[in-house]
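Working notes for the structure below.
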Amino acid sequence: MTLWIIAGALVAIHVLLNVVHYQITDLPWLARQIFDVDEEDSFPTWFSAMLLLLTSVSLWVNAKTLSTSDSSLSERWHLLSVGFLLLSIDEIAGMHETLNSLDIMGDMSWTVPGGIIAGATGLYFVPFLLKIPRPLAIRFVLAGAVYLGGALGVEVLTDPYLENDELNTLPYNLWTAVEEAMEMGGVLLFLGGLFPRLRKAAADLQIQLS
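Using the working numbering, count along the sequence shown one by one with no gaps and you end on 303.
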């Protein structure tokens, strides 16, 4: 619950500062930058990166708690952990955004290859989702849909602002708030499914040690 409150507060501060800046009075850039969800050097970005890193570590720990008979599942849990680690690094480094500046991309947005990769990854994990408990699988699918809806869906909607050089506008900055809120929400939904498994594993370990 605490993580949800922090995420909501960071998005709300971003919205408030931008409404004040564009509708009431100019605010210093630094005041907006440190709470701007679209900036790498900001509290929201650092928080998102830490959420993704926490998810990566949680997935790795979960994989290590599986028995040797679950080796096929363990491999998928480890791959998910690596994937979230890469997402955490990208959140800070903004590697996906550099694709838009590469000549090999032409006029194509990074969301096109991103969508293809996301679709292929989803298909790859279908057998995994069919093996884990159904409620957990549903939660993971919902979390992925929310996250990708923000990371890819909202990103597509904001492409015209980039093309028309309208990034310094209130509508664009409100859309970025929606995007980041969906990304944070997706990760938190995913984490919410992991924590009960980790608590159970910790309880089982405590029983064995005693």
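Each residue gets a CB set at the ideal place from its N, CA and C atoms; glycine is no exception.
The residue from 186, 249, 271, 285 with its alpha-carbon nearest to that of residue 235 is 285. With respect to residue 180, residue 145 sits close: the two C-beta atoms are nearer than 7 Å. Counting only the Cα atoms, residue 187 lies some 15 Å from residue 206. Around the C-beta of residue 128, 16 or more other C-beta atoms lie within 10 Å, and the residue is accordingly described as buried. Under the three-state reduction of DSSP, residue 153 is assigned to helix. Residue 139 carries a helical assignment under DSSP once its states are collapsed to helix, strand and coil. By the neighbour-count criterion, in which a residue is buried when 16 or more other Cβ atoms sit within 10 angstroms of its Cβ, residue 165 is exposed. The residues 279, in chain order, have a CB closer than 8 Å to that of residue 238 in the same chain once the five nearest residues on each side in sequence are set aside. Under a 10 Å Cβ-count criterion, residue 274 is classified as buried, with 16 or more other Cβ atoms of the shown protein chains found around its own Cβ. The beta-carbon distance between residue 263 and residue 116, rounded to whole angstroms, is 7 Å. This is short enough to meet the 8 Å contact definition. Going by C-alpha positions, residue 255 is about 45 Å away from residue 158.
Between residue 142 and residue 185 the beta-carbon gap is near 5 Å, inside 8 Å, which marks them as a contact. When C-alpha distances from residue 131 are compared across 271, 290, 293, the shortest belongs to 271. By the Cβ neighbour-count rule, residue 214 is exposed, with fewer than 16 other Cβ atoms within 10 Å of its own.
In this model, residue 292 and residue 257 are separated by some 49 Å (Cα to Cα).
Excluding five sequence positions before and after residue 153, the CB atoms of its chain that fall closer than 8 Å to its own CB belong to 170, 171, 174, given in chain order. By the Cβ-count criterion, residue 249 is exposed, with fewer than 16 other Cβ atoms from all chains shown falling within 10 Å of its own Cβ. Ranked by Cα distance from residue 176, the first of 204, 147, 242, 227 is 147. Between residue 102 and residue 277, the C-beta spacing is not below 7 Å.
By the Cβ-count criterion, residue 261 is exposed, with fewer than 16 other Cβ atoms from all chains shown falling within 10 Å of its own Cβ.
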